Amino acid sequence: MVMNSKDKDRTVQILAGLAIIMLIFISIINPQDHSILYNFFTWLTWPTIFFIAGYYININLKIGQSIVLAIKRYLIPYLVVGLLMIVINKVVQLLQLNTWINAPFPAMRTGLKALLYGNGTPVTTIFGFFDTGIGLLWLLMALFVGTILTVLIAKVKKVPLAILIVILLAGVGFYLATFIQIPWSLEPAFIALPFMLFGLYYHRLVNWSAGTATILAALLVNLTMSASTGLTMEVAYTPFWILGTLTALISLAGLVVIANKLVNSTLLAKLANLFINIGSYFSLSLAVFIFIKTMIPMNNYIGRILPAGMISFIIIWLLMLIISFVIKLGIVKTVNVVCDQKGD
Numbered sequence: 054m055v056m057n058s059k060d061k062d063r064t065v066q067i068l069a070g071l072a073i074i075m076l077i078f079i080s081i082i083n084p085q086d087h088s089i090l091y092n093f094f095t096w097l098t099w100p101t102i103f104f105i106a107g108y109y110i111n112i113n114l115k116i117g118q119s120i121v122l123a124i125k126r127y128l129i130p131y132l133v134v135g136l137l138m139i140v141i142n143k144v145v146q147l148l149q150l151n152t153w154i155n156a157p158f159p160a161m162r163t164g165l166k167a168l169l170y171g172n173g174t175p176v177t178t179i180f181g182f183f184d185t186g187i188g189l190l191w192l193l194m195a196l197f198v199g200t201i202l203t204v205l206i207a208k209v210k211k212v213p214l215a216i217l218i219v220i221l222l223a224g225v226g227f228y229l230a231t232f233i234q235i236p237w238s239l240e241p242a243f244i245a246l247p248f249m250l251f252g253l254y255y256h257r258l259v260n261w262s263a264g265t266a267t268i269l270a271a272l273l274v275n276l277t278m279s280a281s282t283g284l285t286m287e288v289a290y291t292p293f294w295i296l297g298t299l300t301a302l303i304s305l306a307g308l309v310v311i312a313n314k315l316v317n318s319t320l321l322a323k324l325a326n327l328f329i330n331i332g333s334y335f336s337l338s339l340a341v342f343i344f345i346k347t348m349i350p351m352n353n354y355i356g357r358i359l360p361a362g363m364i365s366f367i368i369i370w371l372l373m374l375i376i377s378f379v380i381k382l383g384i385v386k387t388v389n390v391v392c393d394q395k396g397d
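Residue 381 in this note's numbering sits at position 328 of the sequence shown, with consecutive numbering throughout.
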């Protein structure tokens, strides 16, 4: 099937909405109680997020321009959200507001150390053991580093050589993660390179022959792997890294086919538009949700009203999605108003 650029853009925009929805899902579900379901969506969520980042890399830009763009998309939100979390954390501790707002760091110094190093959870680092991580914010750092690496790899003219480099770096990432975490979420960025390169090359594709069989294969492979393990991107871990990477790529391909079918469906046009709206301003959507997830104890709020169960889980899921969406739109409109006033 021949794909034009508009169809591919809408496919990826739909994927962005699905990625946000799935990220919220795996962030609030209890992995111990629902391991297979959690594992299933990890094989979809992380590859999709990095695939989208790879798709939006403009290979026609110079390396310096690409780095500046990556800084704007990922590093600035990382620093802004991280510093905001650290400041609010201190205020919460001073005013003893822990019941209403989370305080993820025992001290400002600890939070700054985690922010500068970029580790998501307590890990062994090159400076010894860090007992505090920056939380889900690691994702923005990994996207920043992964984007720069992909930009450099994209300059390799021979596709087989570029693929070989990506495979080797992914292997290095999985290996290093078994005993140490390198700064700036480098290992997650390494193992995400196959997904980012897939996104980059998908942007160039003219013919896309995957169909329903790809969806079935993705479902079968994903369910088989989910019975035993998931993709833990935060610490770059999966027991079988080659098989795990293939599982993630096949699962991702299946989701791309589903998104593409939504693009071409007139019956599901409204659903497709909903996903597109949810996924708009993708890096901002990620930053806003990460802040909300880290700082707001939504479980505590809902737990005072409803007992733990399916209904409370769905309510928390929807609230996280709606609040993130509203705040994102508010930020976008505020920035647009400020820019218009400066223009006048």
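Here a beta-carbon is modelled for each residue, glycine too, at the ideal position from N, C-alpha and C. Being a predicted model, the structure only gives us computed values, none of them experimental.
**Study point:** Opening and closing residue of the alpha helix (DSSP H) in which Thr-200 lies
**Key:** By one-based count along the sequence shown, residue 200 stands at place 147. Unbroken alpha helix (DSSP H) run through Thr-200: 191–207.
Point to revise | Cβ neighbours of Met-161 in the same chain (closer than 6 angstroms, five flanking residues each side left out) | key: The residue labelled residue 161 in the question sits at position 108 within the sequence shown. Contacts found: Ile-139, Lys-143.
Check your understanding: In this structure, what does DSSP give as the bridge partners for Gln-234?
Key -> Position 181 of the sequence shown, counted from the first residue, corresponds to residue 234. Beta-bridge pairing links Gln-234 to Thr-178.
Review point. Going by other Cβ atoms of all chains shown within 10 Å of its Cβ, with 16 needed for buried, is Arg-257 buried or exposed?
Key: Here residue 257 refers to the residue found at position 204 when the sequence shown is read from its first residue. Of the other Cβ atoms in all chains shown, fewer than 16 fall within 10 Å of the Cβ of Arg-257; this residue is therefore exposed.
Review point. Can the beta-carbon of Pro-175 be found less than 8 angstroms from the beta-carbon of Ser-304?
Key: One-based indexing of the sequence shown puts residue 175 at position 122. One-based indexing of the sequence shown puts residue 304 at position 251. Not a contact, by the Cβ cut-off of 8 angstroms.
**Study point:** Under the three-state DSSP convention, the category Phe-158 falls into
**Key:** For the purposes of this step, residue 158 is identified with residue 105 of the sequence shown, where counting begins at 1. Here Phe-158 sits in coil by DSSP.
Point to revise | Cα-Cα separation between Gln-146 and Met-348, rounded to whole angstroms | key: In the sequence shown, the residue the question calls residue 146 occupies position 93. In the sequence shown, the residue the question calls residue 348 occupies position 295. Looking at the two C-alpha atoms, the distance is approximately 13 angstroms.
Review point. Between which two residues does the alpha helix (DSSP H) containing Ile-77 stretch?
Key: Translated into the one-based positions of the sequence shown, residue 77 becomes position 24. First-last of the alpha helix (DSSP H) with Ile-77: 58–81.
Check your understanding: Using the C-alpha atoms, what's the distance from Gly-297 back to Ile-216?
Key -> Start at 1 with the first residue of the sequence shown, and residue 216 comes out as number 163. Start at 1 with the first residue of the sequence shown, and residue 297 comes out as number 244. The alpha-carbon atoms of Ile-216 and Gly-297 are separated by roughly 17 angstroms.
Review point. Got a sec: does the ligand ATP put a non-hydrogen atom nearer than 7 angstroms to the Cβ of Leu-284?
Key: Among the components of this structure there are no ligands whatsoever, and the ligand ATP is therefore not found.
Check your understanding: Cβ of Pro-241 within 8 angstroms of Cβ of Tyr-170?
Key -> Counting from 1 along the sequence shown, the entry for residue 241 is found at position 188. Counting from 1 along the sequence shown, the entry for residue 170 is found at position 117. Taking 8 angstroms as the cut-off, the beta carbon of Pro-241 is found no closer than this to the beta carbon of Tyr-170.
Exercise for review: Mind checking who Phe-183 pairs with in its DSSP beta bridge?
Suggested key: Here residue 183 refers to the residue found at position 130 when the sequence shown is read from its first residue. Answer is Val-176, bridged to Phe-183.
Check your understanding: Taking Cβ positions, are Phe-344 and Val-134 nearer each other than 8 angstroms?
Key -> Numbered from its first residue, the sequence shown carries residue 344 at position 291. Numbered from its first residue, the sequence shown carries residue 134 at position 81. Yes; because the gap between Cβ atoms is below 8 angstroms, this pair is in contact.
Review point. Buried or exposed: which applies to Met-363, given that a residue is buried once 16 or more other Cβ atoms fall within 10 Å of its Cβ?
Key: If you number the sequence shown from 1, residue 363 lands on position 310. By the 10 Å Cβ count, Met-363 comes out exposed.
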